[in-house]
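Chemist: Numbering (our numbering), first residue to last: 1 to 288.
Note that the Cβ used here is the ideal one computed from N, Cα and C, for glycine as well.
1) Could you please give me the residues that DSSP links to residue 157 through a beta bridge?
2) Check whether the region 210–228 and the region 266–276 are in contact - that is, three or more C-beta pairs closer than 8 Å.
3) In the DSSP assignment, find the unbroken alpha helix (DSSP H) run with residue 132 in it and report its ends.
4) Contact defined as beta carbons within less than 8 Å: I believe residue 357 pairs with residue 85. What is the distance between those atoms, to the nearest angstrom?
5) I need the DSSP call for residue 46, collapsed to helix, strand or coil.
6) In the DSSP assignment, what residue or residues form a beta bridge with residue 140?
7) For residue 121, count the other beta carbons within 10 Å of its own beta carbon; 16 or more makes it buried, fewer makes it exposed. Which is it?
8) Under a three-way DSSP split, which group does residue 110 fall into?
9) Would you say residue 42 and residue 100 are within 9 Å of each other, going by their C-beta atoms?
10) For residue 183, does the three-state DSSP call read helix, strand or coil?
11) Buried or exposed: which applies to residue 62, given that a residue is buried once 16 or more other Cβ atoms fall within 10 Å of its Cβ?
12) Which of the three DSSP states, helix, strand or coil, is assigned to residue 277?
13) Taking residue 134 and residue 104 to be in contact with their CB atoms under 8 Å, please state how far apart those CB atoms are, rounded to whole angstroms.
14) Taking residue 71 as part of the alpha helix (DSSP H), name the residues at either end of that continuous run.
15) Using only the alpha-carbon positions, how far apart do residue 288 and residue 199 sit?
16) Can you give the Cα-Cα distance for residue 160 and residue 214, rounded to whole angstroms?
17) Indicate the three-state DSSP secondary structure (helix, strand or coil) for residue 229 in the structure shown.
18) Judging by CA-CA distance, which residue of 127, 142, 111 and 76 is the nearest neighbour of residue 48?
19) Here's the rule: buried if 16 or more other CB atoms are within 10 angstroms of the residue's CB, otherwise exposed. What is residue 172?
20) Where does residue 90 fall in DSSP's three states?
21) Near residue 50, which residues of its chain fall below 7 Å by C-beta distance, leaving aside the five closest residues on each side in sequence?
22) Which residues bound the beta strand (DSSP E) around residue 239?
23) Between 204, 92 and 240, which has its C-alpha nearest residue 258's C-alpha?
24) Looking only at DSSP bridge pairs, what is residue 197 linked to?
25) Do residue 146 and residue 164 have their beta-carbon atoms positioned less than 9 Å apart in this structure?
26) Run the CB neighbour count on residue 80, radius 10 Å, all protein chains shown included, and call it buried at 16 or more, exposed below.
27) For residue 92, does the count of other Cβ atoms within 10 angstroms reach 16, so buried, or fall short, so exposed?
28) Is residue 246 buried or exposed, if buried means 16 or more other CB atoms sit within 10 Å of its CB?
29) Using the C-alpha atoms, what's the distance from residue 280 back to residue 208?
30) Per the DSSP calculation, residue 65 is bridged to which residue(s)?
31) Within its chain, find whatever has a CB closer than 6 Å to the CB of residue 75; leave out the 5 residues flanking it on each side and keep chain order.
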């Protein structure tokens, strides 16, 4: 049975210091565990929405772990989160599954800062307790999880192929005025006229090149009018994609969509390339 752990809430400067500059714990010989200022080693620390968002925006070195099911993770997870379902680490009786191998295989460095989250129902706390029992020394939990990230703060999520395909099949042909699929690639890529990117676009997607609503300095072009004129409902689901996992245009697009007040924004990170790789057809030319 996992031991009960004390959760430490960090505020103000102390929390920022813990996030940005502390060393992490390990059960490796010769490695000292150093937690955040005022925090004893072996205690779970809490991270707020603002702190987590700032850490992600700064590309902080950490492992963000979504402890929900694979299906829930695929349907939408926080940017850069890996999926280790709670049940892969802790069984219904509270015992470690296979010695916690699912976590230790995914994160072999026990000095690494890890942040666990779920829906906001407490599974992240159980996961964090297991991480401490396994010797991880710098363990955080984002207590309110996706319930706050999406429902309250309306931040974007990343959708994996299976989750995207399920949404796509249900929403196509996108004629309800509530669901939008936006391709932010250049026009010639969208139509398939670019020789290096033949084939066209994901059927049903509208083309709004990122340059039409976001400047290189991150400011909106004309108040984002190119997007808001097309995606007129801000309460439906807006999915944005570009070329592939390495394409940053979709990331800029979803951040601007959140700024414009869209309440359910998804980034299909695999984009044009993954859609083809999974055996789906592209559509050349423009949509009617």
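Modeler: Reading from the atomic positions:
1) 266
2) no
3) 123–133
4) What is shown of the chain runs 1 to 288, which leaves residue 357 out entirely.
5) strand
6) 45 and 115
7) exposed
8) coil
9) no
10) strand
11) buried
12) helix
13) 6 Å
14) 70–75
15) 17 Å
16) 24 Å
17) coil
18) 142
19) exposed
20) strand
21) none
22) 237–241
23) 240
24) Residue 197 is not bridged to any residue.
25) no
26) exposed
27) exposed
28) exposed
29) 22 Å
30) 82 and 116
31) 163
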